[in-house]
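In terms of UniProt numbering, the sequence shown opens at residue 1 and continues consecutively. Using N, Cα and C, we set each Cβ at its ideal position, and we do this for glycine too.
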Amino acid sequence: MSPESYSGTGEPPMEAARYADGSITYPPHPLGPGGAERTGTVDLSEHTATVVTWTTSTATPPGVREPNHLAIVEFDIEGESVRALGQLTTDEIDIGDDVKPVYAEELRDPEAGIREPESQEWDGYRFEPID
């Protein structure tokens, strides 16, 4: 992602796509669920979400922390439901808890596994409970 698309914090956005029919998807796609054209983006890192469900994986891919706590969360963006799957910062979480996206420079160790570190981005967002 280009630095000019980063927010004022210097962190890249957690970008979702907005479509002509009002729908929003994460991750973004060229066309919306009903085939509508993309009209803009929404930075989900500026919003909070609610935990829909979560689990802990103890059999993780190379370079991913173990145990790895994962959640499906739901954002309410202007009445549109947007769901995302991502890592949690803790296992002290319950269904229905509110969380916020927090930026992580490395979601996994780029030196682990078979891919060249330069072949993909290793950063992203985790979800942290809101106190």
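Buried/exposed call for residue i, threshold 16 Cβ in 10 Å
i: Gly86; result: buried
i: Leu31; result: exposed
i: His29; result: exposed
i: Arg18; result: buried
i: Thr25; result: buried
i: Arg108; result: buried
i: Ala112; result: exposed
i: Ala59; result: exposed
Whole-angstrom C-beta distance between residue j and residue i, which should lie under 8 Å
i: Ser23; j: Pro12; result: Actually they do not touch by this definition, with Cβ atoms about 23 Å apart.
i: Ile72; j: Thr53; result: 5 Å
i: Pro67; j: Ser57; result: 7 Å
i: Glu74; j: Arg83; result: 5 Å
Candidates the options: closest to residue i by CA position
i: Ile77; options: Thr58, Gly96, Thr50, Ile95; result: Thr50
i: Asp21; options: Thr90, Pro110, Thr39; result: Thr39
i: Leu88; options: His69, Asp97, Ala16; result: His69
i: Gly10; options: Glu37, Pro27, Ser45; result: Ser45
i: Pro61; options: Pro110, Glu118, Asp131; result: Pro110
i: Ile95; options: Ala84, Glu118, Thr55, Gly79; result: Thr55
i: Glu92; options: Asp131, Ala16, Pro27; result: Asp131
i: Lys100; options: Pro27, His47, Glu121; result: His47
Q.
Taking contact to mean 3 or more Cβ pairs, one atom from each stretch, closer than 8 Å, check whether the stretch 98-109 and the stretch 119-130 are in contact.
A. yes
Q | Every unbroken alpha helix (DSSP H) within the UniProt domain "ChsH2 C-terminal OB-fold" (42-102), with a cutoff of 4 residues, ordered by chain | A | none
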